[in-house]
Amino acid sequence: MHDPLVSFTKSSPANILKVFEIRKYLEIGSTALAAERATGEEIQVIENILKEMEEDLRKNRLGAKADLEFHAALVQATHNHAYAHIMNTLHDLLQEELRIAWGGVFRKRDQRKKLFQQHKNIFEAVKQHDPKRGSDEALAHLEFVEKAWKNALVT
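Under numbering that gives the first Met the number 0, the first residue of the sequence shown carries the number 0, and numbering increases by one thereafter.
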């Protein structure tokens with residue numbers, strides 16, 4: 000079965016970035032909702048993943064698995080199953096591009112330090128149940144990632 004979104008996305012790097020833009024704004028919204036709705040247990044799960052990310056950084060590991068888990072936990076904390084389905088679809092669609100970005104740009108330790116701090120800022124906003132700060136921190140993080148994707152996909 001032919002999927003028009005797959006064809007569109009895979010037809011050019013510019014289209015990949017257009018799909019990433021959709022992901023960016025969905026994630027900003029999901030972070031705000033997570034900040035509003037996250038339970039104490041969900042906040043603890045996110046904090047545990049953040050500790051795993053910190054350990055990855057300390058041991059100079061790439062940390063892609065924990066990064067994906069962090070974003071998935073935020074989406075789960077929205078309590079909106081549609082968000083989870085849409086984000087999983089976008090993740091599946093952009094899987095190859097994620098691999099390229101992680102394999103290139105994020106091998107640099109200084110970049111991973113910045114990413115960790117961005118995730119920590121997002122976590123703090125969710126923990127404080129501050130949706131405005133959550134969306135602002137998510138936007139800052141995703142603009143950073145988008146710039147890295149542009150550099151990785153163009154070269």
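The beta-carbon is built from N, C-alpha and C at its ideal position, and this holds for glycine as well.
- About 5 Å separates the beta carbon of A72 from that of V44, a gap short enough to meet the 8 Å contact definition.
- If you draw a 10 Å sphere on the C-beta of I21, you find fewer than 16 other C-beta atoms in it, and that means exposed.
- Here L92 is near L4, since their CB atoms are less than 8 Å apart.
- Note that the C-beta distance between F105 and M52 is not below 8 Å.
- For A124, the enclosing alpha helix (DSSP H) begins and ends at 108-126.
- For T8, the secondary structure class from DSSP, reduced to helix, strand or coil, is helix.
- In this structure, R111 is the residue among R111, I27, T30 with its C-alpha nearest to the C-alpha of L56.
- Of the candidates K126, H78, A33, F19, F19 places its Cα closest to the Cα of F143.
- DSSP, reduced to helix, strand and coil, places N79 outside both helices and strands of the structure shown, so it counts as coil.
- The alpha-carbon of G39 is positioned some 10 Å away from that of V125.
- Shown here, A37 sits in coil according to DSSP, grouped into three states, outside any helix or strand.
- Setting aside the 5 residues that flank it on each side, A33 is surrounded in the same chain by L73, A76, T77, V125, each with a C-beta closer than 6 Å to its C-beta; the list follows chain order.
- Assigned with DSSP and collapsed to three states, L93 falls in coil, not helix or strand.
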